[in-house]
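K.L.:
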Amino acid sequence: MWLVLVLIGGVVFAIWVVAKVVVETKRAASPIRVAEAPRSQPDTGVTQAGDAALLRHVSERIKARQEEEGVGFWDIAEAEATRAGVYVTDVRYQEVLDAEAKDALEQAERQAIFRERHLFNLADYVDLSGLDSTRLKARGQGNYTDKRASFMSGVCRLVREPGNTYDPNAIVTFIGQQKVGYVSASRAASMAPLMDEIGKPLIIGADLSGSPVILLLPTLPALRSWVASQRP
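If you count the sequence shown from 1, position 177 lands on 177 in the UniProt record's numbering, and the numbers rise without skipping.
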C-alpha cells in the first residue's frame, strides 16, 4: 500500500516539474513587451497646447482675418491654429473663459456699486446722476489716481470744500472712498452756490472706462432747474 502511494506521489511531482519547465520555456521564448506610448488625449476643449496669451493672439488673428476677408470662423481657424501649434477648440475655449471672466468682473463691479450705494446713508446725499450732464475731467487727478483700480467700481460723489485755502468754491470729487481730484475752478464757481443751497453732497455719474476719470456733471440749466424745484 505504501509503495503505491509513493509511486503516485512521484508521478505527480514529475508532472509538476515538467509543467513548470514548459511554462518557463514559453515565457523565455515570448518577445519582451515594450511599454506602449500613452495615447494622445482627446481634444476636450481644455487648453492642452499653448498658454492663454498665445490662444488669445490666435483668436485675435482669426477675428482680424474674418473682418478683412469677410469669411467664416471655420474657414480660417484651422489654418491659424495649426500655424501656432494649438487646437482650434482650445482657442474657442479660451474665448469662453475670457467671456466668463469679463462677465464675472462686470457682475462684481455692479455688486460693488450696489454695496457702495448702501454703504452711505442716502439721506446724507442727493443723487443727481439722472440729470442731463456734460463730460468733464476731474482736475488734479495726477495727484490722486495712481490707485485707480481701488475705486474703479465706486460711486462718484461731489463734496463741497468751503475751507479750501486756494478756492472757497472748491468741490472735491470722490470715487468710492478715493479722492480723485476737483471740479474745475470755473465750473465750481457756478456750482458751489447751488450745492450750498442744496446743503448736501451730490452723487453723480462718471465714466471709469479709461484714464483719466470723466465726470458726468449735471449741466448748469439742469442743476438750477432741479434746485428751483426743491424750493418751497
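Cβ atoms here follow ideal geometry from the backbone N, Cα and C, with glycine treated the same way.
Just tell me which of Leu97, Val213 and Tyr166 has its CA closest to the CA of Ile175.
P.N.:
Comparing Cα positions, the closest option is Val213.
K.L.:
How is Leu128 classed by DSSP in three states: helix, strand or coil?
P.N.:
Of the three classes helix, strand and coil, the one that applies to Leu128 here is coil, per DSSP.
K.L.:
Hey, would you say Val88 sits closer than 7 Å to Ala99, going by beta carbons?
P.N.:
In this structure, Ala99 does not lie closer than 7 Å to Val88 by Cβ.
K.L.:
Using the C-alpha atoms, what's the distance from Asp51 back to Arg65?
P.N.:
Cα-Cα distance, rounded: 22 Å.
K.L.:
According to DSSP, is Thr134 part of a helix, a strand, or is it coil?
P.N.:
Thr134 falls in the strand class under three-state DSSP.
K.L.:
Residues in the same chain with beta-carbon distance under 7 Å from Ile32, minus the five sequence neighbours each way, listed in chain order, please.
P.N.:
For Ile32, the predicted structure reports a pLDDT of 40, less than 50, and the residue's modelled location is therefore unreliable. A value from the coordinates is still provided. So no residue of the chain qualifies.
K.L.:
In this structure, does DSSP put Thr165 in helix, strand or coil?
P.N.:
It is coil, neither helix nor strand.
K.L.:
Please state whether DSSP places Val155 in a helix, a strand or coil.
P.N.:
Three-state result, Val155: coil.
K.L.:
Just to confirm before moving on: does the CB-CB distance between Pro201 and Ser133 stay below 7 Å?
P.N.:
Not closer than 7 Å, so no.
K.L.:
Does Val96 pass the burial test, meaning 16 or more other C-beta atoms within 10 Å, or should it be called exposed?
P.N.:
Per the 10 Å Cβ criterion, exposed.
K.L.:
With C-beta atoms as the reference, is Leu216 less than 7 Å away from Ala228?
P.N.:
Going by C-beta atoms, Leu216 is not nearer than 7 Å to Ala228.
K.L.:
On the three-state DSSP scale, how would you describe Val183?
P.N.:
Correct three-state label for Val183: coil.
K.L.:
Within the continuous alpha helix (DSSP H) that includes Ala52, where are the two ends?
P.N.:
Segment Ala52 to Glu69, the alpha helix (DSSP H) holding Ala52.
K.L.:
Secondary structure at Val86, three-state DSSP: helix, strand or coil?
P.N.:
If DSSP states are grouped into helix, strand and coil, Val86 belongs with coil.
K.L.:
Looking at the structure shown, is Ala77 part of a helix, part of a strand, or coil, going by DSSP?
P.N.:
Reduced to three states, the DSSP call for Ala77 is helix.
K.L.:
How big is the Cα-Cα spacing for Ile203 and Met195?
P.N.:
Spanning the two alpha carbons is a distance of roughly 12 Å.
K.L.:
Taking only the alpha-carbon atoms, compute the straight-line gap between Leu220 and Arg83 and give it to the nearest angstrom.
P.N.:
Roughly 58 Å between the two C-alpha positions.
K.L.:
Could you tell me if Lys63 is buried or exposed, where buried requires 16 or more neighbouring beta carbons within 10 angstroms of its beta carbon?
P.N.:
Lys63 is exposed by the Cβ-count criterion.
K.L.:
Taking only three categories from DSSP, how would you classify Leu215?
P.N.:
It is a strand residue.
K.L.:
Using the Cα positions of Gly130 and Trp226, report the straight-line distance between them to the nearest angstrom.
P.N.:
Going by the C-alpha atoms only, they are around 11 Å apart.
K.L.:
Val155 and Val172 look like a contact to me (Cβ under 8 Å); what is the Cβ gap, rounded to whole Å?
P.N.:
Wrong, their Cβ atoms sit about 14 Å apart, outside the cutoff.
K.L.:
So if DSSP puts Arg224 in a beta bridge, which residue, or which two residues, is it bridged to?
P.N.:
BP columns for Arg224 are empty, so no partner.
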